[in-house]
Amino acid sequence: MAIKVYNTLTREKQAFHKQPGERVTMYVCGPTVYKPSHIGHMVGPVIFDTVKRFLTYRGYTVDWVVNITDVDDKLIKRAAELGTTVPALAAQMTRDYEDCLRKLNVTGINQMPKATEHIAGMIAMIGQLIGKGYAYPAGGDVYFDVSKDADYGKLCNRDPEQLEAGARIEVSDRKKNPGDFALWKGAKPGEPKDVVWESPWGPGRPGWHIECSVMSAAALGKTIDIHGGGLDLQFPHHENELAQSESANDQEFARVWMHNGLLRMGGGKMAGSVGNVVNIADLLQKHNPETVRFLLLGTHYRSPIEYSDDRLAEVGRSLQSFYRFFERFERMSGQSFHALPTAPVTAPAFVAGLKDKFLECLDDDFNTGGAVGVLFELLTALNKYADERKLEKDPPAEFLAAVGVMRELSNLLGLFWAPVAARADDALVGGLMKLIIDLRAEARASKNFATADTIRKRLTELKVTLEDRPGGTTDWRVG
RNA sequence: GGCCUCGUCGCCAAGUGGUAAGGCAACGGUUUGCAAAACCGUCAUACGGCGGUUCGAAUCCGCCCGAGGCCUCCA
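Each residue of the first sequence is one higher than the one before, counting from 3 in our numbering.
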């Protein structure tokens, strides 16, 4: 089985260009850290985390870098509004971003370089571009000259001529062509000192696009295997990164470009600039982080996802059947599903076809939506197996292996990483529940079903569900 | 105006030439003292519309309708 990947540059799915055993370098554009992260910021990380998990599973060694933009106009503005400094604001928002990644089980990032730590490299690259005639200083700024780059626009199929026709591009008499973009921005009067660096073209700070060109090369080399990011970054950001890097280095910048679809809300994309964002912190007040990850992976990564509270609630509901199975598994085996190893296991016959189907989905351009569907089929197969054999305890090795397959595959999607605290582990609550259940058991034993049902009904009103099992035992759960 | 996506069951969604996965919801059944959970079954002759190519199309081509992204900061 060969992995196929859709490449934005060629607009087609192609066989992945590396062989298992080789190192794969992956660079994904991260956030500008001026506000708390919203869910849209997590789409890329969750998807590329899954990409890394799968490539690793297939035998590749993946080196994944996500950058942090910690100096920029929005940061300067926001820091001034809050009465703080750019470095302080950036540090705080970076922690927020990292916290969100952790909460959504994004574990695969190897490095998160910051723009301000690579200013020297950016100045060097800008100098190189000027030396080769691709860029020109103008009034304290430095611009990239798109007319000098013969294949400018190849990523997004843009014609520089038509950029002029658009006329929405920022007008500046310093630019030679309307499509030219800033590599270096001269400092403006009144800007705080901590956003100003000295350069051969005067004090100032780097443009946005140059940081990715420099940091990706510094961390991963001049040619990277996978460059990822949101669809909204295709143009101009990625187009410009590409133009800079290839003009400066005379070698291919990225072998494969992967772009994830955008999260939408109310029919349009969710973005800080639109103002319809939902912060992760707020979101996690109401929903389990696994539900959020499940939602993001339930759709193919190149498609848009419509976000809504109802949608998340529905996803949460569909997740319940997995959790119930994990509890069932624990009851019969005495083992926690979450404690099972994630290493590959040989699939027993009754689930072997499903395992193959799951892996084929991921082989085909990381089709997580299809893979999630297979997980549900696997769940049904496991429950059915246990039902048919009336398994209550000491499940056979075959069954344990099949559950191991569930563990192995769901881990490729980064799902089910934490035991769900469905019931209070509070000693008092546990003791009270045992008391109530014991009393109800006595009522049932003496055929006093009216009392038994009243107890259950009252508990239901308190969002506690009782489940009577064969043999007279009763389990309870919240929800 | 230019570039680019997308339109599959009530809702979400996979499926890129070979006869429509899966989930939620709903309805029947098995099980249960009754429930809950689980399992079984029903639920799109049909893939926005109209043409075309083909032995064969949701999948390819053309046109139309509708939704969205980019062309300015944006994951």
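A virtual CB, placed ideally from N, CA and C, is assigned to each residue, including glycine. Note that the structure is a prediction, hence the values are computed from the model and not measured.
{"Check": "Contacting residues, own chain, Cβ-Cβ under 8 Å from Lys465 (five flanking each side not counted)", "Outcome": "Val480, Gly481"}
{"Check": "Nearest neighbour of Met114, chosen from Ser149, Ala220, Ile212, Ser310 [CA to CA]", "Outcome": "Ala220"}
{"Check": "Backbone CA spacing between Arg170 and Lys177 [nearest angstrom]", "Outcome": "Any reading at Arg170 must be qualified, since the residue scores a pLDDT of 47, below 50, and its modelled position is unreliable; no value is offered."}
{"Check": "Backbone secondary structure at Asp477 - three-state DSSP", "Outcome": "strand"}
{"Check": "Where Asn9 falls: helix, strand or coil (DSSP)", "Outcome": "strand"}
{"Check": "Coil, strand or helix - Val148 by DSSP", "Outcome": "helix"}
{"Check": "Environment of Pro1 [buried if 16+ CB atoms lie within 10 Å]", "Outcome": "An answer regarding residue 1 cannot be provided, because it is not within the stretch 3 to 481 covered by the chain."}
{"Check": "Distance between Ile5 and Thr1 (C-alpha atoms, nearest Å)", "Outcome": "Residue 1 is absent from the model: the chain starts at 3 and stops at 481."}
{"Check": "Identified DSSP bridge partners for Leu402", "Outcome": "Per DSSP, none; premise fails for Leu402."}
{"Check": "Length of the line joining the Cα atoms of Lys20 and Lys79", "Outcome": "44 Å"}
{"Check": "Among Arg304, Ser275, Glu254, Ala447, nearest to Leu264 - alpha-carbon criterion", "Outcome": "Arg304"}
{"Check": "Beta-carbon proximity of Phe237 to Gly209, cut-off 8 Å", "Outcome": "no"}
{"Check": "Contiguous alpha helix (DSSP H) assignments of at least 4 residues, all confined to the stretch 240-269", "Outcome": "241-251"}
{"Check": "Residues of its chain near Tyr8, where Cβ-Cβ distance is below 6 Å and the 5 sequence neighbours each way are ignored", "Outcome": "Lys15, Asp367"}
{"Check": "Cβ-based neighbour list, Lys54, same chain, cut-off 6 Å, excluding 5 preceding and 5 following", "Outcome": "Val64, Trp66, Gly110"}
{"Check": "Beta-carbon proximity check, Arg295 vs Asn107, cutoff 8 Å", "Outcome": "yes"}
{"Check": "Cutoff 7 Å; reference Ala445; Cβ partners in own chain excluding five residues on either side", "Outcome": "Thr453, Ala454"}
{"Check": "Identity of the residues DSSP links to Asp143 by a beta bridge", "Outcome": "Ala140"}
{"Check": "Residues sharing a beta bridge with Ile307, DSSP", "Outcome": "Leu265"}
{"Check": "Unbroken beta strand (DSSP E) run spanning Met114, endpoints", "Outcome": "No beta strand (DSSP E) holds Met114; DSSP gives it neither H nor E."}
{"Check": "With 16 other Cβ atoms within 10 Å as the buried cut-off, status of Gly181", "Outcome": "buried"}
{"Check": "Counterpart residues of Thr467 in DSSP-defined beta bridges", "Outcome": "Arg479"}
{"Check": "Short Cβ contact (8 Å threshold) for Phe401 with Ala388", "Outcome": "yes"}
{"Check": "Beta carbon of Phe146 nearer than 8 Å to that of Leu185", "Outcome": "yes"}
{"Check": "Burial state of Gly355 (16 or more Cβ within 10 Å)", "Outcome": "exposed"}
{"Check": "Alpha-carbon spacing of Val144 relative to Ser201, whole angstroms", "Outcome": "11 Å"}
{"Check": "Phe418: first and last residue of the uninterrupted beta strand (DSSP E) it sits in", "Outcome": "Phe418 -> no beta strand (DSSP E), and no H or E assigned at all."}
{"Check": "Selected residue, minimal CA-CA separation from Asn251, among Lys271, Thr467, Leu131", "Outcome": "Leu131"}
{"Check": "Other residues of its chain near Ala256: CB distance less than 6 Å, five sequence neighbours each side excluded", "Outcome": "Ile226, His229"}
{"Check": "Burial state of Asn450, where buried means 16 or more other Cβ atoms lie within 10 Å", "Outcome": "exposed"}
{"Check": "Residues of its chain near Ile439, where Cβ-Cβ distance is below 6 Å and the 5 sequence neighbours each way are ignored", "Outcome": "Thr476"}
{"Check": "Whole-angstrom distance between Gly406 and Lys436, CA atom to CA atom", "Outcome": "32 Å"}
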